[in-house]
Amino acid sequence: MQILVTGGLGYIGSHTSVELISKGFDVVIVDDLSNSKLNVFDKIKKITGKNPNLEIKDLKNKSEVKKLFSDYRFDGIIHFAAHKSVNESVNFPEKYYKNNIGSLENLLENIDEKMHFIFSSSCTVYGQADKMPIKEDFPIKKSESPYGETKQICESILKKFCDNNPNFNNITLRYFNPIGAHSSGLIGELPLGKPENLVPFLTQTAIGKRDQLIVFGDDYNTPDGTCIRDYIHIEDLADVHVSCLEYSIQKKNKKNYEFYNVGTGEGLSVLELINLFEKVNNVKVNYKIGKRRKGDVIIAFADVSKIKQNIGWVCKHSVDDALKSSWFWEKNLRDE
Ligand code: NAD
Ligand code: WQD
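For what it's worth, the numbering used here labels the leading residue of the sequence shown as 5, then goes sequentially.
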């Protein structure tokens, strides 16, 4: 079966492409290189020993998307391509609306009802939930950022599209915090410039690329005062896409629009994560407590019972493994 992976050279897309290829799917990657490097493609080929198709195209461009759909016959689409910086989205909201919403609309214009569709959403759609763990039926609150808003709008677009096209099947996955790298050390997260996310900042500090990691606040109402998140190994995240695709192909969907949390179900504080990183990798991280970062939710971790019950999917990797793989990846980048 031929699967289109949009944003397939990015962090989550590259790991998922590897997983799909290793399960025997025929993969077509489309990416505009706006947040990725061409050499990721060589790494995907090296890990899998296969030669997937690569199309360097911008999904904002209607005619390029149309051409893509006339050149191939896709059985499924996993749509990762989007801009993802919360900070940047506050300063350049238009860039986010145009790309994140426009690209989805261009895909849907060309879609055949028989294609299985999987969409990358985010725990950011919940904002600060009132209770933990977060269940899928919790309210979607007003978004703190244009980025979060694009995910809420895309979810609504897909829901409407499914209502109007009863034979079309979509699964929306709301990821919590993906971390880690492929066990080969060949692919991982490649932040351009100064990382916004905790783990890339942590590994870059540990290796000496950054002087010091600032912990954004230790005066929150949590056991150690730092924020709590649900950190999921990227290899688990890659695996869940393949499981959802297979579930959809096997026509196991109960509804034609389904949506799931994807996390471990466990919350870790920033200090717990740093301590764990130091312990499992036997390395010291220079960090200090700083001020709170604007817009941070205090606690977010997933209730993962829905995906376990419906799709039969559970995480296989530990946070320890994820932090070991992040460190292995950072050291490989240095030695490249
Ligand atoms: P990423 O930036 O590493 O990957 C996205 C890829 O899409 C990049 O390779 C980029 O070049 C490509 N792209 C962007 N716009 C494009 C366009 N118009 N046409 C073609 N290619 C385009 O991001 P990621 O971390 O792999 O995230 C993948 C998806 O998951 C995104 O939709 C993101 O919003 C979502 N998500 C990510 C996280 C996270 O923490 N990484 C969490 C929740 C949800
Ligand atoms: C984790 C914790 C920070 C950096 C973001 C997006 C969200 C989703 C996942 C896409 C927080 C703290 C961080 C640092 C720190 N992405 N931190 N020092 O904020 O949970 O979520 O990525 O959909 O939409 O907002 O992830 O890794 O940035 O932060 O103390 O230098 O680490 O305050 O508590 P976050 P993160």
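Every residue gets a Cβ at the ideal spot worked out from N, C-alpha and C, and that includes glycine.
Apart from sequence neighbours up to five positions away, the residues of its chain that approach LYS145 with a beta-carbon distance below 7 Å are TYR130, GLY131, ordered along the chain. PHE123 and ILE278 have their C-alpha atoms spaced approximately 31 Å apart. Of the heavy atoms belonging to the ligand WQD, none sits nearer than 7 Å to the Cβ of GLU276.
At the C-beta level, ILE238 and PRO182 come within 8 Å of one another. Runs of the beta strand (DSSP E) spanning 3 or more residues and lying entirely within the region 177-202 occur at 181-183, in chain order. Around the C-beta of PRO150, 16 or more other C-beta atoms lie within 10 Å, and the residue is accordingly described as buried. Fully contained in the region 77-162 are the following beta strand (DSSP E) runs of length 3 or more, in chain order: 80-83, 120-126. Just measuring C-alpha positions, the residue of VAL274, GLU276, ASP234 sitting nearest VAL266 is ASP234. If you look at GLY294, you'll find it isn't in any alpha helix (DSSP H); it sits in the beta strand (DSSP E) that goes 291-294. LEU194 is a Cβ neighbour of TYR15, given a cutoff of 8 Å. In this structure, the straight-line span from the alpha carbon of MET5 to that of ILE293 is close to 50 Å.
For PHE73, the uninterrupted alpha helix (DSSP H) segment begins and ends at 66-75.
With at least 16 other beta carbons inside 10 angstroms of its own, LEU24 counts as buried. C-alpha of SER322 to C-alpha of ALA306: approximately 15 Å in a straight line. In the three-state scheme derived from DSSP, where H, G and I count as helix and E and B as strand, HIS19 is classed as helix.
Near the ligand WQD, meaning a beta-carbon closer than 6 Å to one of its heavy atoms, we find LYS88, VAL90, SER126, THR128, ASN181, GLU200, ASN201, LEU202, PHE205, LEU217, ILE218, VAL219, PHE220, CYS231, ARG233, VAL274, ARG297, ASP300. DSSP, read as helix, strand or coil, puts SER322 in coil. Here the alpha carbon of GLY80 sits roughly 15 Å from the alpha carbon of ASN57.
Not one heavy atom of the ligand NAD lies closer than 7 Å to the C-beta of TYR130. Secondary-structure assignment with DSSP links ARG233 through a beta bridge to LEU272.
By the Cβ rule, the region 16-36 counts as touching the region 175-191, because three or more pairs are nearer than 8 Å. In this structure, the CA atom of ASN114 is about 7 Å from the CA atom of LYS70. Restricting attention to ASP116, PHE96, HIS87, the CA atom closest to the CA of ASN103 is found in HIS87.
Distances from the CB of GLY197 to the heavy atoms of the ligand NAD are all 7 Å or more.
Comparing C-alpha distances from THR209 to each of ASN290, SER187, CYS158 shows the shortest one belongs to ASN290. With distances taken between CA atoms, PHE45 lies nearest to GLY12 out of GLY12, LEU63, ASP30. About 11 Å separates the Cβ atoms of THR10 and VAL31, ruling out a contact at the 8 Å cut-off. Within the chosen limit of 7 Å, the ligand NAD reaches the beta carbon of ILE16 through at least one heavy atom.
Distance from the Cα of ASN225 is smallest, within the candidate group ARG296, LEU112, ALA326, LEU37, for ARG296. Close CB contacts of PRO170 within its chain, under the 7 Å cut and outside five residues either way in sequence, are with ASN260 (chain order).
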